[in-house]
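Numbering (our numbering), first residue to last: 3 to 325.
For glycine and all other residues, C-beta sits at the position ideal for the given N, C-alpha and C.
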């Protein structure tokens, strides 16, 4: 990609003219319009770990995920994994959906051939504002940088042995993944005119992407479908619409899934199942607004808000045809 070869981590940190470099980066960078989600079992489990499970793993325990239950003649097919902080990194919180989707945007850029990105570009990927000059607010920028920090400072270590030999992934050959969830370096750029951004350099393929690619468990869609005009992109709203879109795409791909997204599931994945009713109402209304936008852009043909008695249950929609 034009301009990429002349921009690397070393010449960025040594630059004497950050303003010109920021201008050059913005002029040479073409962000991906295709959003790619890793959607295998390992990724799903890691990004919904509880506080207790996260603490146990960070203390050195090994966990196992069930790749396949009751496989004839084999029983359960398991994959073992560890999650550890790099030396000196003390944060113990579990991963969130926001972290997952920041990683997804970075993976989308990696697969598009881009070897660096910026916080502003990640923001546009999260919100669907691809091809614009939209800039994150202070709150949005902080949320993205917090996610980048944990993704770049927390290690995953897994061995895909049984799942490969029994189920045939990777041509039956076992493989192993180890490294930070987002192998990257970053540098802060600040110009005299006040222009600034954080530049992130990818240094290797993310370990979770390696697993998902081997299992062919990737989901892709047009990232611009995430853009909802005139609605506020708070970190929670970003989580809500990215997760809702992921569920829609899962339902498109897997015919056995019921084409309904329940509000209970959304609240659980956003970790707000114990929040007050006002918070849940705002998220519910935002998800309904997202479906209205999705319908206007052809992402779904129609949808219906389902109630059980006086309780809002979820959103039902006709299964879109595979493109």
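### Query
With 16 other CB atoms within 10 Å as the buried threshold, where does residue 302 fall?
buried
### Query
For residue 272, which residues from the same chain have a beta carbon less than 6 Å from its beta carbon, with the 5 sequence-adjacent residues on both sides left out?
241
### Query
Starting from residue 239 and walking both ways along the beta strand (DSSP E), at which residues does that stretch end?
Segment 237-255 is the alpha helix (DSSP H) holding residue 239; no beta strand (DSSP E) there.
### Rounded Cβ spacing between residue 40 and residue 157 (contact assumed at less than 8 Å)
Incorrect: roughly 17 Å between the Cβ atoms, too far for contact.
### Cβ pair residue 288, residue 239 closer than 9 Å
yes
#### Entry: Coil, strand or helix - residue 318 by DSSP
strand
### Task
Quick one: grab the DSSP three-state call for residue 53.
Taken through DSSP and simplified to helix, strand or coil, residue 53 comes out as helix.
### Query
So, using beta-carbon positions, are residue 110 and residue 200 closer together than 9 Å?
no
### Message
Let's see if you can read the secondary structure: which residues bound the alpha helix (DSSP H) around residue 80?
### Response
Boundaries around residue 80 are those of the beta strand (DSSP E), 77-87, since no alpha helix (DSSP H) includes it.
### Query
With a CB to CB cut of under 8 Å and the five nearest residues on each side skipped, what residues in its chain are close to residue 147?
121 and 200
### Message
To the nearest angstrom, how far is the alpha carbon of residue 257 from that of residue 89?
### Response
44 Å
### Query
How is residue 186 classed by DSSP in three states: helix, strand or coil?
strand
### Message
For residue 84 and residue 159, what's the separation of their Cα atoms in angstroms?
### Response
So the alpha carbons of these two residues sit roughly 5 Å apart.
### Message
Tell me which residues share the same chain as residue 304 and place their Cβ nearer than 7 Å to its Cβ, disregarding the 5 neighbours each side in the sequence.
### Response
297, 319 and 320
### Nearest-angstrom Cα separation, counted from residue 154 out to residue 186
6 Å
### Task
Grab the span of the beta strand (DSSP E) containing residue 161 for me, first residue to last.
Residue range 156-162 is occupied by the beta strand (DSSP E) that includes residue 161.
### Query
What do you get for residue 194, buried or exposed, if any count of 16 or more other CB atoms within 10 angstroms of its CB means buried?
Bear in mind that the predicted position of residue 194 carries a pLDDT of just 49, short of 50, making it unreliable; the figure below should be weighed with that in mind. With fewer than 16 other Cβ atoms within 10 Å, it is exposed.
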